[in-house]
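In what follows, a structure is listed as structure tokens, so that the remarks can point back to it.
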Amino acid sequence: MTDYRFQRTEADIQRAFLAALTEQGFERLSVAELARLSRVDRTTFYAHYDSLYALAEQVITQEVDLLRKAIQEGIQRGADAGDRYQLFSSALIDELSGQAETIQRLRTISLGAQGLDAQCRQLFAAVYHQVLGVSPTSFTGFLLVNMAMSDLDFILINHRAPAREELAASLSQLAEIAKRFK
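Below you can see the structure in the form of structure tokens.
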């Protein structure tokens with residue numbers, strides 16, 4: 000049986016964490032301050048999480064899971080429409096834009112392989128392997144993952160995805176630059 004009070008408290012802690020993250024940053028946040036902001040005591044916080052890092056890891060994993068789900072839905076819609084270019088649907092772009100500051104703060108938390116960027120890279124590598132059959136360890140795989148990370152950066156800053164024309168123009172510029180190295 001699900002304990003809804005436990006789930007509600009966990010959600011309250013996560014909401015307070017995200018708000019505090021945006022306002023003061025992870026480095027200045029303490030368990031005591033987060034407990035105060037989420038209106039729980041420290042023992043309640045520790046009943047849910049071992050540390051602020053464990054909380055951050057869970058929040059980041061949840062964000063990446065939402066991103067994964069949205070991308071998979073976008074792939075399915077795009078495959079149905081014959082369009083496989085855009086990983087980021089307009090709804091996902093709106094969601095990312097609305098959370099841009101929070102996402103940027105989550106990206107700064109040092110969690111190694113469990114960090115936001117590392118998990119996004121793993122996600123994008125898996126998507127390109129699934130959709131295009133590109134090996135995640137090939138140079139092409141690395142380039143595609145870095146392009147997806149660039150798309151994410153672009154969306155968070157500009158609140159829109161780059162258009163196909165922008166991609167084509169950028170790839171042409173890169174090809175011209177590559178010619179200089181021959």
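Heads up: the sequence shown runs through residues 0 to 181, numbered per numbering that gives the first Met the number 0.
Here a beta-carbon is modelled for each residue, glycine too, at the ideal position from N, C-alpha and C.
Per-residue DSSP class, three states only, for Glu206: The requested residue 206 does not occur in the structure, where the chain is confined to residues 0 to 181.
Going by Cα to Cα distance, which pick from Gly111, Gly24 and Ser88 is closest to Arg67? Ser88
Using beta-carbon positions only, say whether Leu95 and Ile154 come within less than 8 Å of one another. yes
Are the beta-carbon atoms belonging to Leu33 and Phe5 less than 8 Å from one another? no
Would the C-beta of Ser88 count as close to the ligand ATP, meaning under 7 Å from any of its heavy atoms? This structure simply doesn't include the ligand ATP, nor any ligand for that matter.
Measure the beta-carbon distance from Met202 to Cys119 and round it to whole angstroms, keeping in mind my assumption that it falls under 8 Å. Residue coverage of the chain in this structure runs from 0 to 181, which leaves residue 202 outside it and unanswerable.
When DSSP labels each residue in this structure, what does Lys68 get in the three-state scheme? helix
Rounded to whole angstroms, what is the Cα-Cα separation between Ala18 and Arg179? 48 Å
Using three-state DSSP, classify His158 as helix, strand or coil. coil
Between which residues of its own chain and Ser37 is the CB-CB distance below 7 Å, once the five residues before and five after are set aside? Asp11, Ile12 and Ala15
To the nearest angstrom, report how far apart Ile92 and Asp49 are at their CA atoms. 33 Å
Taking the alpha helix (DSSP H) that Ala18 belongs to, which residues open and close that run? Tyr3 to Gln23
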